[in-house]
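Line by line, the protein sequences are chains A and B.
So in UniProt numbering, spot 259 of the first sequence is number 259, and the numbers just go up one at a time.
So in UniProt numbering, spot 259 of the second sequence is number 259, and the numbers just go up one at a time.
Virtual Cβ for every residue (Gly too), placed ideally from N, Cα, C.
All values derive from a computational prediction rather than experimental measurement.
Notes to accompany the following structure.
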Amino acid sequence: MNIDVRSVQRATVGRGIAHDSARKHVAGEADYIDDMPELPGTLHAALVTSPVAHGKLIALDPAGALAIESVVAFCGPDDIPGHNDIGPILPGEPLFASEIVDYVGQPLGVVAAETFEAAVKASRAVHVDVEEREPVLDVETAHEAESYVIPSQTVAEGDVEAGLASAEQLIEGRLEIGGQDHFYLETQIAYAIPGEDGDMTVHSSTQHPTEVQHHVAHVLGGLANSVDVFVRRMGGGFGGKESQATIIAAAAALLARKTRRPVKLRLKRSVDMSATGKRHDMVATWKAGVRKNGRIEALDIEYLARAGNTPDLTGPVITRALTHSDNSYFIPAARFVGHACKTNTVSNTAFRGFGGPQGIIAIETIIDQVARELTLDPNVVRAINYYGPETGEVTPYGQPVEHNRLVEVTETILATSEWQRRRAEIDAHNATSPVLRRGLAMMPVKFGISFNLTSLNQAGALVHVYQDGSVHLNHGGTEMGQGLFMKVAQVVAEVFQVDIETVKITATATGKVPNTSATAASTGSDINGMAAYNAATAIKGRMTNVAADHLEVPAEEIVFREGRVHAGNRSISFAELAKHTWAARVQLSEAGYYATPKIHWDVKTLKGRPFFYYTYGAAVAEVAIDTLTGESRCLRADLLQDCGASLNPAVDLGQIEGAFVQGMGWLTCEELWWDEKGRLRTIGPSTYKIPGSRDVPRDFNVAILENAPNGEETVFRSKAVGEPPLMLAVSVWLAIRDAIASCGQPGISPKLKAPATPEHILEAVDDIRARGSATGVA
Amino acid sequence: MNAETKAAEAIRFVLNGKTVEFAVRPDTTALDLVRLHAGLTGTKEGCAEGDCGACTVLLRRGDGPRQAANACIMTAAQLDGTELTTVEGLKHDGALTPLQDAMAQNGSSQCGFCTPGIVMALTGLIEENPEPEETAIHDALAGNLCRCTGYRPIVEATKVAAKAKPASIARSVLPPLRSEIAVGGCVLHQPGDLAGLLELRGRYPDAVLLAGGTDLGVARADYHSGWDRIVSTAHVRELRAITATRDEWTFGAAVTWEEVLATVADDYPSLATLIRRFGSTQIRSMGTIGGNIGTASPIGDGPPPLIALGATITLASRADGERSILLEDFFLDYRKTAMRPDEVIISVTLPRLKDGELFRVYKLSKRYDQDISTVCGAFWLRMEGDTVSECRIAYGGMAAIPKRAKSSENKIIGRPLDSESTRAAVEALSDDFSPLSDWRGSAEYRMKAAGALIQRLAHDAAGETVEVMAL
Ligand SMILES: Cc1cc2nc3c(=O)[nH]c(=O)nc-3n(C[C@H](O)[C@H](O)[C@H](O)COP(=O)(O)OP(=O)(O)OC[C@H]3O[C@@H](n4cnc5c(N)ncnc54)[C@H](O)[C@@H]3O)c2cc1C
Ligand code: FES
Ligand code: FES
């Protein structure tokens, strides 16, 4: 297929059209699963969860719960007709713990009652007895015991030992990187409706309907064709509803099967936050061999990732951390190792960026440390290490860096953010301000687009044109707020040259488009958009022939424009042509399909070309910190993001801003806190603080890179945007480090944990003051 | 109250312009009432603890304005005789309001789950403040979380909408309040005066004494045990009064924090700054000053500044009448107070600041808005020339109760507020406090931060900018 990049004016694609549900959102008329009219007899369910972090399950007795008025049923591990396994990649991940409990909050069973309140009360009345065992609560302990949920992974290239040995300077460091709860505003929910023949219809708030379908079938002991999954919209996902949604859907389906009644399972916030996984917290340690000018010649990074009790998606998350540990820098000798540490905490999962953020904050901290210890300008150290713009230098995992925009984005952002002037002003301010210090930092992001696992890079779509010219669109992608449905509808409207209102957006349904991949890895519009493009283009081709017959011209002379179909001066409406096409007995429906080209990946050697292309972005952030209390504030942020030829700049802008603020939250105020018994104590918004409106940079300048069509043949030459801008928030983290560094002597690099809470900032300020001058300090 | 009067058997209020009655237990949450009983699903549940704002509705009581409030932690008991507006009640003749329209056009929603709550919070703002500054918009959004948008388009849309003239809001006639409502084994008493309140308190000391419900409602929303008898303070005339004399302010216990805020801005600007960070508009429009004291939390924000200012509180019971004590003597131990089971708090009295007196209160938390204090420090100093002649320092978050830092005070009294005396005061903190570690901060951080606030005070008194938010 060949898409003309330069076709000047498009009708629909490239326009900043508002989210398809915007008017319903503001009116409270957009229905989420909990808002759907309930069928008569609907039951409400609640999970029963483990109160302890580790131990042998001795008793699970629902008698007390079933005695409560209006409580109808309980399902535990013994009530599963099929398999008690919902592992998304590897088998062995139980829906309900059956012998050993492995974390506080782990689902043990589920109860159903006539009301939600009764179900919640019943869930607390199930008697759980566990013989407690010593839990492993931190990654270091697990690592010492070599206790991993999957084998360790290594991305390596070049002779690292030799590089470190011959380096002019050796730089060593360690970084604790916090995890993050998704905090989608809509908690996990599923509504399961039993049908005849043991069939099950499930409305699920999931990014991965196909996986929900398969696991519900598996748990019920049926085949995939007995389960239909629907997803109209989610109240946010961010990766948290990729694999985790199956727990909720499968538990609801079990009860629906058992009671033969519709069952809705909606998690209370505290249960959602304790029972379902989060972004992996990691500890990174490194050795870098550098030249005096800041060029990194060899780099060895080791990550200890908190997998939690099972693998879930930890394998590919670590892969992505390792394949982003280079970020924008060509490192001739590199070894990046990731261990998936098994702990008695909830199994961590996908979260926007999927390991990329951890890799990028590690390498950016390394660059910053190198610059500080060598008393060089961090931006100079960055520039000297960038992948060359023309050379096609190869990443440690073997992919050449093509269509490189690093210099363009970083030089642009330095200019538009008035870096030089502000750098001087901030330094002058810090020289005379005892309490409040400012910091400034710039950083680039290079992010690889495609699922690392090649087989996931495929998508399907279903397009129907009806006889009245209206279009029905369905595809495998799910809508979680990111504007995917609108973007794909724009693609279809563009192909047919019809008004966007003509294209009906419909709920994702496993019965319409099967075997889909999760809406994840930022690939949603790339792959579903292309599948829909292919479907619409096929129909349009057939309609063109009908039009040619009807208007008695060669097919080449038929032009679709503004809802009409033209041949020279004559035209008919798109609707008329639809009717003619039907009358001519030509098919007006098509299942489109797309598989991302060019990519391949060897999971054993971690080498190949995992990514179809890279996106590029850059950010400059300015912060202020209070060196007495550790409070901080982001005063200004300037972002520039490469979206290729954006399908919808309004939607993309929203993705950039939202991702950045979410990334800021990860690195500043969002802190997961476990007590000594392994209980997560930050399980609601009163204790787990995501950014509020005042936390957004006071001065927030966001731009999309202009005139930058994708060098690869993506749908209308656009680029993915969901995840990459989250990592631009590392600039805020670096700016905080810069402010802290101003409290120490030149040559000293701050030691700051992520997130940079007031407590961690104060710790780092006190530490850098105590370390005095560089000389004599290791 | 007349014992013969039969209790009403339903909650009656105006919902989106129509008077409605619901025969639900008064301890039913307002969110359940709206979503499950009234079938209005535009109002969402994001947390059920008053912290995310997805459930925001507008509530009008008496002849006050429509105020944003959290339906999740409100109970039906608080709705009788009021006017409640949900997002379904905003449209005029089927058309979106200017705010809704601006938000829909400006990319202010992505997943949309937070959106109805945000629309309600901002509608409450614009009705009272038609051309809000950016700060006022942030103040109004402090109780609303959005995980998708990064807020900028929401703030922008508010500015756009504020320029359009909002349609005038029809005020409904409120149905009269009933003094007693009993449904499904739950009895609600709504006394109108102090005598009635004390009578009920004496008769039912175990009943739930409900003010704004922003503490009590959190447990209710978590479906812990129900309340079988509720005595509401919300309509007690004497408890709703604010009085000012030349020397002092007196706030009735049922005065809301929004009302306190509107009153103290001139006299105690530092206190006003703190109150603006007390919960959110939603919390402050319901939560009361008496409830904050009555709940006796070691991390409550009211007690430290009130203690530092030298506040007294007045308690009363039917049996023994009124008595006044210093607020600092009210808190005895973790959630234990000097209040007897048949007593209620009637009012809080604050001396006005005189010439030469300096008052500051600082709150430290992980997030600036809508967060519970890790440490809250309040300072009142009387200066004679350069010398501190008298001083009261009180902290929250440092002990089992809000507590004075007497050893530190002694290091400052009789000296100028300089680096020497502040250093001594900081060091003396360990004589009075040994704080706990939790998710809000470790013991070490709390100690350091408490000391930092004394240092901040010295910089502040010297006229320096001391807070990042002031930049
Ligand atoms: C999201 C959220 C944010 C919050 N943020 C803050 C914050 O920033 N700072 C802070 O300090 N608090 C905060 N709170 C706590 C709460 O809002 C305050 O403590 C509030 O002042 C409580 O008042 P109320 O009227 O709602 O109390 P209620 O919940 O009605 O009552 C609380 C307690 O006080 C008792 N009580 C009430 N009135 C009287 C009386 N007249 N005499 C005797 N006892 C009485 C009640 O019986 C009950 O035990 C927050 C709460 C929530 C849910
Ligand atoms: S649901 Fe979160 S504040 Fe009410
Ligand atoms: S739009 Fe999704 S939480 Fe605000």
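Helix, strand or coil: how does DSSP classify residue i here?
{"i": "N534/A", "result": "helix"}
{"i": "N292/B", "result": "helix"}
{"i": "R698/A", "result": "coil"}
{"i": "G14/A", "result": "coil"}
{"i": "T508/A", "result": "strand"}
{"i": "V183/B", "result": "strand"}
{"i": "residue 477/B", "result": "With chain B represented from 1 up to 471, any question about residue 477/B goes unanswered, as that position is not in the structure."}
{"i": "D431/B", "result": "helix"}
{"i": "N70/B", "result": "strand"}
{"i": "T281/B", "result": "helix"}
{"i": "L726/A", "result": "helix"}
For my contact list, residue i and residue j are in at a C-beta cut-off of 8 angstroms; report their separation, rounded to the angstrom.
{"i": "N144/B", "j": "G53/B", "result": "3 angstroms"}
{"i": "G112/B", "j": "S204/A", "result": "Wrong, their Cβ atoms sit about 18 angstroms apart, outside the cutoff."}
{"i": "E248/B", "j": "R284/B", "result": "Between R284/B and E248/B the Cβ distance is about 22 angstroms, and since that is not below 8 angstroms, they are no contact."}
{"i": "G460/A", "j": "T516/A", "result": "6 angstroms"}
{"i": "V231/B", "j": "L198/B", "result": "Their Cβ separation, rounded to whole angstroms, is 10 angstroms, which puts V231/B and L198/B out of contact at 8 angstroms."}
{"i": "P697/A", "j": "G644/A", "result": "Incorrect: roughly 25 angstroms between the Cβ atoms, too far for contact."}
{"i": "I118/B", "j": "C146/B", "result": "7 angstroms"}
Tell me which residues share the same chain as residue i and place their Cβ nearer than 6 angstroms to its Cβ, disregarding the 5 neighbours each side in the sequence.
{"i": "A298/A", "result": "V160, G163, L164, G289, A333"}
{"i": "S280/B", "result": "A142, G143, Q370"}
{"i": "P389/A", "result": "N404, V407"}
{"i": "V208/B", "result": "W227, I230"}
Which same chain residues end up closer than 8 angstroms to residue i when comparing Cβ atoms and leaving out the 5 residues on each side of it in sequence?
{"i": "Y151/B", "result": "L141"}
{"i": "I740/A", "result": "R437, G439, I625, P750, L752, I761, A764, V765, I768"}
{"i": "S152/A", "result": "V337, G338, H339, A340"}
Which residues bound the alpha helix (DSSP H) around residue i?
{"i": "Q169/A", "result": "Segment 169 to 177 is the beta strand (DSSP E) holding Q169/A; no alpha helix (DSSP H) there."}
{"i": "F660/A", "result": "649 to 667"}
{"i": "residue 475/B", "result": "Lying before the first or after the last residue shown, residue 475/B is absent from chain B, which here runs from 1 to 471."}
{"i": "N430/A", "result": "419 to 432"}
{"i": "E242/A", "result": "It is not in any alpha helix (DSSP H) - E242/A carries neither H nor E in the DSSP assignment."}
{"i": "L354/B", "result": "For the sequence presented, residue 354/B should be read as Lys rather than Leu. Here K354/B belongs to no alpha helix (DSSP H), and DSSP marks it neither H nor E."}
{"i": "F496/A", "result": "484 to 496"}
{"i": "T273/B", "result": "269 to 276"}
{"i": "A59/A", "result": "No alpha helix (DSSP H) contains A59/A, which is instead part of the beta strand (DSSP E) from 55 to 61."}
Residue i touches chain D at which residues, Cβ-Cβ below 8 angstroms?
{"i": "C669/A", "result": "Absence of chain D from the displayed structure is noted, the protein chains being A and B."}
Might you give, ordered along the chain, the residues of its own chain that have their beta carbon closer than 7 angstroms to the beta carbon of residue i, omitting 5 neighbours on each side?
{"i": "S270/B", "result": "F359, R360, V361"}
{"i": "A241/B", "result": "G252"}
{"i": "R295/A", "result": "I384, N385"}
{"i": "I413/A", "result": "M442, A618, A619, V620, D638, L640"}
{"i": "T775/A", "result": "Residue confidence for T775/A is low, a pLDDT of 47 falling below 50, so the modelled location carries little weight and cannot support an answer."}
{"i": "D4/A", "result": "At D4/A the pLDDT is 42, less than 50, meaning the model places this residue with poor confidence; the figure from the coordinates comes in the next sentence. So the list is empty, once near-sequence residues are dropped."}
Got a sec, what are the start and stop residues for the beta strand (DSSP E) residue i sits in?
{"i": "Y103/A", "result": "Element bounds for Y103/A: n/a, residue is neither H nor E."}
{"i": "R609/A", "result": "607 to 609"}
{"i": "T314/B", "result": "312 to 317"}
{"i": "P194/A", "result": "189 to 194"}
{"i": "Y616/A", "result": "613 to 626"}
{"i": "T154/A", "result": "153 to 157"}
{"i": "R437/A", "result": "436 to 449"}
{"i": "L456/A", "result": "First-last for L456/A: undefined, no H or E at that position."}
{"i": "H208/A", "result": "Unbroken run through H208/A: none, as it is neither H nor E."}
> Which residues are close to ligand 2, meaning CB closer than 6 angstroms to any heavy atom, in chain order?
Replying inline: Here the residues come out as E45/B, G46/B, C47/B, A48/B, G50/B, D51/B, C52/B, G53/B, A54/B, C55/B, N70/B, C72/B.
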